[in-house]
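Visitor: If you read the sequences in order, they're chains H and B. Under my numbering, the first residue of the first sequence is numbered 1, with each subsequent residue one higher. Under my numbering, the first residue of the second sequence is numbered 1001, with each subsequent residue one higher. The beta carbon of each residue, even a glycine, is placed where N, CA and C say it ideally should be.
Number of protein chains: 2
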Amino acid sequence: MKQATARACSNIAFIKYWGNRDETLKIPMNSSISMNLDGIYTETHVRWDDALASDELVLNHQKVTGQALHRVSEHLSFIRNRLNINTFAYVESVNNFPMGAGIASSASSFAALTVAAVKATGADLTERELTSIARLGSGSASRSIPSGFVIWHQGHDHTSSYAESFAQPDYWDLVDVIAIISGEHKAVGSRMGHTSANTSDLQMARVNGAEERLRICQQAIFDRDFSTFADVVEYDSNLMHAVMMTSRPPLFYWLPTTLTVMDAVRHWRSEGVQVCYTLDAGPNVHCICTRPYADVVAQSLRAIAGVNDVRMATVGGGAQLIK
Amino acid sequence: MKQATARACSNIAFIKYWGNRDETLKIPMNSSISMNLDGIYTETHVRWDDALASDELVLNHQKVTGQALHRVSEHLSFIRNRLNINTFAYVESVNNFPMGAGIASSASSFAALTVAAVKATGADLTERELTSIARLGSGSASRSIPSGFVIWHQGHDHTSSYAESFAQPDYWDLVDVIAIISGEHKAVGSRMGHTSANTSDLQMARVNGAEERLRICQQAIFDRDFSTFADVVEYDSNLMHAVMMTSRPPLFYWLPTTLTVMDAVRHWRSEGVQVCYTLDAGPNVHCICTRPYADVVAQSLRAIAGVNDVRMATVGGGAQLIK
Chain H
1 MKQATARACS NIAFIKYWGN RDETLKIPMN SSISMNLDGI YTETHVRWDD
51 ALASDELVLN HQKVTGQALH RVSEHLSFIR NRLNINTFAY VESVNNFPMG
101 AGIASSASSF AALTVAAVKA TGADLTEREL TSIARLGSGS ASRSIPSGFV
151 IWHQGHDHTS SYAESFAQPD YWDLVDVIAI ISGEHKAVGS RMGHTSANTS
201 DLQMARVNGA EERLRICQQA IFDRDFSTFA DVVEYDSNLM HAVMMTSRPP
251 LFYWLPTTLT VMDAVRHWRS EGVQVCYTLD AGPNVHCICT RPYADVVAQS
301 LRAIAGVNDV RMATVGGGAQ LIK
Chain B
1001 MKQATARACS NIAFIKYWGN RDETLKIPMN SSISMNLDGI YTETHVRWDD
1051 ALASDELVLN HQKVTGQALH RVSEHLSFIR NRLNINTFAY VESVNNFPMG
1101 AGIASSASSF AALTVAAVKA TGADLTEREL TSIARLGSGS ASRSIPSGFV
1151 IWHQGHDHTS SYAESFAQPD YWDLVDVIAI ISGEHKAVGS RMGHTSANTS
1201 DLQMARVNGA EERLRICQQA IFDRDFSTFA DVVEYDSNLM HAVMMTSRPP
1251 LFYWLPTTLT VMDAVRHWRS EGVQVCYTLD AGPNVHCICT RPYADVVAQS
1301 LRAIAGVNDV RMATVGGGAQ LIK
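(1) Of all the residues that make up the stretch 1192-1222 of chain B, which are near chain H by a beta-carbon distance shorter than 8 Å?
(2) Could you tell me if H:Lys119 is buried or exposed, where buried requires 16 or more neighbouring beta carbons within 10 angstroms of its beta carbon?
(3) Contact criterion: CB-CB distance below 9 Å. Does H:Asp263 meet it with respect to chain B?
(4) Contact between the stretch 1308-1322 of chain B and the stretch 1198-1217 of chain B is defined here as three or more beta-carbon pairs at a separation below 8 Å; is this criterion met?
(5) Along the chain, where does the beta strand (DSSP E) containing H:His153 start, and where does it finish?
(6) So, do the stretch 230-248 of chain H and the stretch 11-29 of chain H have three or more beta carbon pairs nearer to each other than 8 Å?
(7) Grab the span of the beta strand (DSSP E) containing H:Gly209 for me, first residue to last.
(8) Cα-Cα, which of H:Leu321, H:Asp50, H:Thr24 and H:Ala298 is closest to H:Val175?
(9) Using CA coordinates, which residue listed in B:His1158, B:Thr1159 and B:Glu1164 is at the minimum distance from B:Val1150?
(10) Against chain B, which members of the stretch 22-38 of chain H pass a CB distance test of less than 7 Å?
(11) Can you tell me whether B:His1267 is buried or exposed, with buried defined as 16 or more other CB within 10 angstroms of its CB?
(12) Is the CB of H:Tyr235 under 9 Å away from at least one CB in chain B?
(13) When we look at the beta-carbon of B:Thr1122 and count the other beta-carbons within 10 Å, is it buried (16 or more) or exposed?
(14) Examine the ligand GDP and report whether any of its heavy atoms sits within less than 8 Å of the Cβ of H:Met1.
(15) What are the partner residues of H:His286, as DSSP defines its beta bridges?
(16) For chain B, find out if any of its Cβ atoms is closer than 9 Å to the Cβ of H:Phe14; answer yes or no.
(17) Do we get a CB-CB distance below 9 Å when we pair H:Asp231 with the residues of chain B?
(18) Identify, in the order they occur along the chain, each residue of the same chain with its Cβ nearer than 7 Å to the Cβ of H:Thr195, setting aside the five sequence neighbours on each side.
(19) Give the range of the beta strand (DSSP E) segment to which B:Thr1042 is assigned.
(20) Thinking C-alpha only, which one of H:Arg215, H:Pro169 and H:Gln67 is nearest H:Ser31?
(21) Have a look at B:Met1262 and B:Ser1010 and give me their C-alpha separation to the nearest angstrom.
(22) Using CA coordinates, which residue listed in B:Arg1191, B:Arg1224 and B:Tyr1293 is at the minimum distance from B:Gly1137?
(23) Once the 5 residues before and after H:Leu57 are set aside, which same chain residues still bring their CB inside 6 Å of it?
(24) Just verifying my parser: in three-state terms, what is the DSSP assignment at H:Thr314?
(25) Measure the beta-carbon distance from H:Ile33 to H:Gln218 and round it to whole angstroms, keeping in mind my assumption that it falls under 8 Å.
(26) Return helix, strand or coil for B:Gln1203, following the three-state DSSP convention.
(27) Apart from the five residues on each side of it in sequence, which residues of its chain come closer than 8 Å, Cβ to Cβ, to H:Asp38?
(28) Which residues in the same chain have their Cβ closer than 6 Å to the Cβ of B:Leu1025, if we skip the five residues on either side of it in sequence?
(29) Could you tell me whether the Cβ atoms of H:Asn238 and B:Thr1246 are closer together than 9 Å?
(30) Within 9 Å (strictly less), CB to CB, does H:Trp268 reach chain B?
(31) Under 8 Å Cβ-Cβ, which residues of chain B neighbour H:Asn238?
(32) How would you list, in chain order, the residues of chain H whose beta-carbon sits under 7 Å from the beta-carbon of B:Leu1301?
(33) Please tell me whether B:Ala1111 and B:Ala1319 are closer than 9 Å, where the distance is taken between their beta carbons.
(34) Kindly list the residues whose CB is nearer than 7 Å to the CB of B:Arg1135, restricted to its own chain and excluding five residues on each side of it in sequence; keep chain order.
(35) Using a Cβ-Cβ cut-off of 9 Å, state whether B:Ala1134 counts as contacting chain H.
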């Protein structure tokens, strides 16, 4: 049987991906950096099956059709073309975190899907090529395949736009303490958001400085220099949300409690706690801290009205086959 | 006796002033547009007095020294030099709105101070020159001297940077319904903020588009085209706050309720209410609406938890002598 199961973590970007140079190939406007989130993952089983008349998708134990199936099917078609597969696939995917909890699932989903679908064919592609393929499904999925701290090189075409690890999970004991502020579905998904990024007058200014911020961020990780890391990570997150809020139409992902938490994090850091914030295209606040501060940060976040839940993740490994 | 009393309204900018090309002369990075706020004003009495050994300032019935006096004294010194005055002045200034209510007082204060101090000398300067002088005290004060809807031309030196009216108060029945969210003192005053504006990677992008936004905004006012007006006013406010949040260090003026109100305003407009928001360097939300919607907007704002007070102002006239 041509089947395989893979697991891939979610990741949180420190230098953000927002907007594409090429929408179809998902060549991003700038390179980005992230860490994988240990324990927050998607497990995906793929079976290439001659008996199927179309691709099938079971997501969190429910059969899915429509747009979600279409997006998966498009991704499978790229893999079919690349590896000369002529059959449809049965895909079963489970997130170990609740849907709509405000944790993005597209990165871990397309990373796991890519690894499972390719391995199920028996093909032996390099990790680098797997990251390029995952990128086609969801840009940030490319960063969920390599281990630990990952850089996605923007590149200029399909093969030059790929991700690789630059430090293993145990290199620096960072913890992402996630303040979950809303479980509501996003008003505008990040996929739509990427296409609107270039409508903001501020996007090019964000992009022009990205390479320098990335260099500073990567060096701060190499040096385990939390103060420099915190400044550039918060700055980069603020820049991305500035672009979002000035897109046309504007995208406001922040909720009132989001502001409260960001303000609290800045205040805690001013008191010596090694913590900084970064946000995805949503209202949740990822509070990145060093290990010794993780528990007190989690406890303090739980005490803030409007924080519904708190979840912790250390630095995670790369995508892996589990069957 | 060489004395005079003047009254000047506060104003709210539709195309914002944020950052200077020349800090000393307060030559702004871009031209700006505002409307005066009727009924929200400062009344200032100035007496040039040979008997004084230094300038004196009584602000809201309290004698003031230190930084506030120093700033007024600097402004008086410019007027002394310009008009060959050799005496100190006694200045008494009263705002008809509470200090720390989150309504900026520097625009109305320096407009009233300029008009009173100049008129008290007996000199007869043009309105244009008065606006240039007021600008030296506080950039936005230049816009509180002409009547109604006002443009401040950025210019390139002291005399070319001035403000003038382009439509009288009765030209368009706009109302500013101000949601007062905090009476707390600003963490960073707007004067400091202006000097930090150019530390944001986004400032030049904001500035580069300002002339076009100003043209669109002014035309929308001429045409009484609320829809176009609303889009450009909110966009410009978002751009300024994007610059603030990405300055180093970042300036976050928004409070949680600020976000709630901005979101509500966008929602009300989507339902057909002629209302849009704009914010100064503070958490209060200025909800600009056409007259027929003012009461329902005020009522709806009062129903939002965290809105401490609501204040309404129609379009105000220019600064005037009152004694």
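Guide: Based on what the coordinates show:
(1) Asp1201, Leu1202, Met1204, Ala1205, Arg1206, Asn1208 and Gly1209
(2) buried
(3) yes
(4) no
(5) Phe149 to His153
(6) yes
(7) No beta strand (DSSP E) contains H:Gly209, which DSSP labels as neither H nor E.
(8) H:Ala298
(9) B:Glu1164
(10) none
(11) exposed
(12) yes
(13) According to the sequence displayed, residue 1122 of chain B carries Gly and not Thr. Under this definition B:Gly1122 is an exposed residue.
(14) The model depicted lacks the ligand GDP and carries no ligand whatsoever.
(15) H:Ile178 and H:Thr278
(16) no
(17) yes
(18) Glu23
(19) Ser1032 to Asp1049
(20) H:Arg215
(21) 22 Å
(22) B:Arg1191
(23) Val64, Leu69, Val72 and Val91
(24) strand
(25) 6 Å
(26) helix
(27) Cys9, Pro169, Ala313, Thr314, Val315, Gly316 and Gly317
(28) His1158
(29) yes
(30) no
(31) Met1245, Thr1246 and Pro1250
(32) Residues of chain H passing the Cβ test: none, with the nearest at roughly 15 Å.
(33) yes
(34) Lys1026, Ala1141, Ser1142 and Ser1161
(35) no
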